[in-house]
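For reference, the structure discussed in these notes is given below.
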């Protein structure tokens, strides 16, 4: 009920009184029943809003929001530690990065067929003299090998899940879109060609001295990319799908090996035996060619 102060008492007959008063966070009409005796208990008839109730509702809403945020943080923490990265790396990922990497991981999990794990030697990437990149049809980078930082300066975690169109030269975007689209062969069977080979310019934060600069100061590095289109078709489970049932679309990705092509002006190390340096005029006549 609460405490109150009676104001404006008046006799309503039969020994009863009535008036108005204010209480703790309330206002209303106070009265003693008709025919009541001195010292009889009074009562409040509350009118209007209850301030304390509003505050309790706000506090309850804040507690519920705090609880939701706590549960969300716990879910993201568990999700980050299920990703195939070192615990020290996954512990410093923000929520957006966790979602980006999780989506890419699920795509790669579908694309790679299950089977007995094979031991992969770390020297394979060194032998390639490049890095591995997997692109979806939309141009999202689903996977990059760890050694991408040695060629572009950008780390694996910085690139996975982002669109490759944000990192390539604007003049190369149309060509890459054409590369990612399906191609029909010239034979009568209309077989789809899967082989791809092209060159593009991609952002690099590495300087000629091997230092790393900010992404805004990145330069363009020419890459030769070669690989094949791979397709994953989900297996149908259970009874035949009826009309209106959701059918998972096939997943098509472009698996590439990317090798950096050094600019002649930036070549500071000797070329290998299978590479030579030449200069040409505008009509493509040789103006210089080294002994190789």
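Numbering (my numbering), first residue to last: 1289 to 1580. No residue lacks a Cβ here, since even glycine has one placed at the ideal position from N, Cα and C.
>> Using only CA atoms, which one of 1485, 1459 and 1578 lies nearest to residue 1563?
In response: Mapped onto the chain shown, residue 1563 falls at position 275. With distances taken between Cα atoms, residue 1563 lies closest to 1578.
>> Classify residue 1448: buried if its beta carbon has 16 or more other beta carbons within 10 angstroms, exposed otherwise.
In response: Counted from its first residue, the chain shown places residue 1448 at position 160. When all chains shown are included, residue 1448 counts as buried.
>> Cutting at 6 Å between CB atoms, please list the residues of its own chain near residue 1396, excluding the five before and the five after it.
In response: Taking the chain shown and counting its residues from 1, one reaches residue 1396 at position 108. If we look at residue 1396 and ignore the five residues flanking it on each side, its Cβ neighbours are 1430 and 1431.
>> For residue 1575, report the span of its beta strand (DSSP E) as first-last.
In response: As a working mapping, residue 1575 is identified with position 287 in the chain shown. Counting along the chain, the beta strand (DSSP E) containing residue 1575 begins and ends at 1574 to 1577.
>> Just to confirm my understanding: we take residue 1326, look at its own chain, exclude 5 residues before and 5 after, and list those with CB closer than 8 Å. What are they?
In response: Taking the first residue of the chain shown as 1, we reach residue 1326 at position 38. Bear in mind that the predicted position of residue 1326 carries a pLDDT of just 42, short of 50, making it unreliable; the figure below should be weighed with that in mind. Once the five neighbours on either side are set aside, residue 1326 has no close Cβ partner at all.
> Exposed or buried, which one is residue 1572 when buried takes at least 16 other CB atoms within 10 Å?
Replying inline: Looking up residue 1572 in the chain shown gives position 284. Exposed.
> Taking Cβ to Cβ, would you say residue 1367 is nearer than 9 Å to residue 1386?
Replying inline: Locating residue 1367 in the chain shown gives position 79, counting from the first residue. Locating residue 1386 in the chain shown gives position 98, counting from the first residue. Yes, the Cβ-Cβ distance between residue 1367 and residue 1386 is below 9 Å.
>> What does the Cβ neighbour count give for residue 1355, buried or exposed, with the cut at 16 atoms within 10 Å?
In response: In the chain shown, counting from the first residue as 1, residue 1355 sits at position 67. Per the 10 Å Cβ criterion, exposed.
>> Within the continuous alpha helix (DSSP H) that includes residue 1385, where are the two ends?
In response: By one-based count along the chain shown, residue 1385 stands at place 97. It spans 1383 to 1399 - the alpha helix (DSSP H) in which residue 1385 sits, taken as one unbroken run.
>> My output table needs one value for residue 1597: the three-state DSSP class, helix, strand or coil.
In response: No statement about residue 1597 is possible, as the shown extent of the chain runs from 1289 to 1580 and does not include it.
>> Looking at residue 1442: is its Cβ nearer than 9 Å to the Cβ of residue 1504?
In response: Stepping through the chain shown from its first residue, residue 1442 is reached at position 154. Stepping through the chain shown from its first residue, residue 1504 is reached at position 216. No; because the gap between Cβ atoms is not below 9 Å, this pair is not in contact.
> Is it the case that the Cβ atoms of residue 1509 and residue 1440 are separated by a distance below 9 Å?
Replying inline: On the chain shown, residue 1509 is found 221 positions in, with the first residue counted as 1. On the chain shown, residue 1440 is found 152 positions in, with the first residue counted as 1. Cβ atoms of residue 1509 and residue 1440: closer than 9 Å.
> Any idea which residues DSSP pairs residue 1251 with across the strands?
Replying inline: With the chain represented from 1289 up to 1580, any question about residue 1251 goes unanswered, as that position is not in the structure.
> Any idea what DSSP makes of residue 1433, helix, strand or coil?
Replying inline: Counting from 1 along the chain shown, the entry for residue 1433 is found at position 145. In the structure shown, residue 1433 sits in coil (DSSP, three-state: anything other than H, G, I, E or B).
> Is residue 1493 buried or exposed, if buried means 16 or more other CB atoms sit within 10 Å of its CB?
Replying inline: What you label residue 1493 is simply residue 205 of the chain shown in a count that begins at 1. Burial call: buried.
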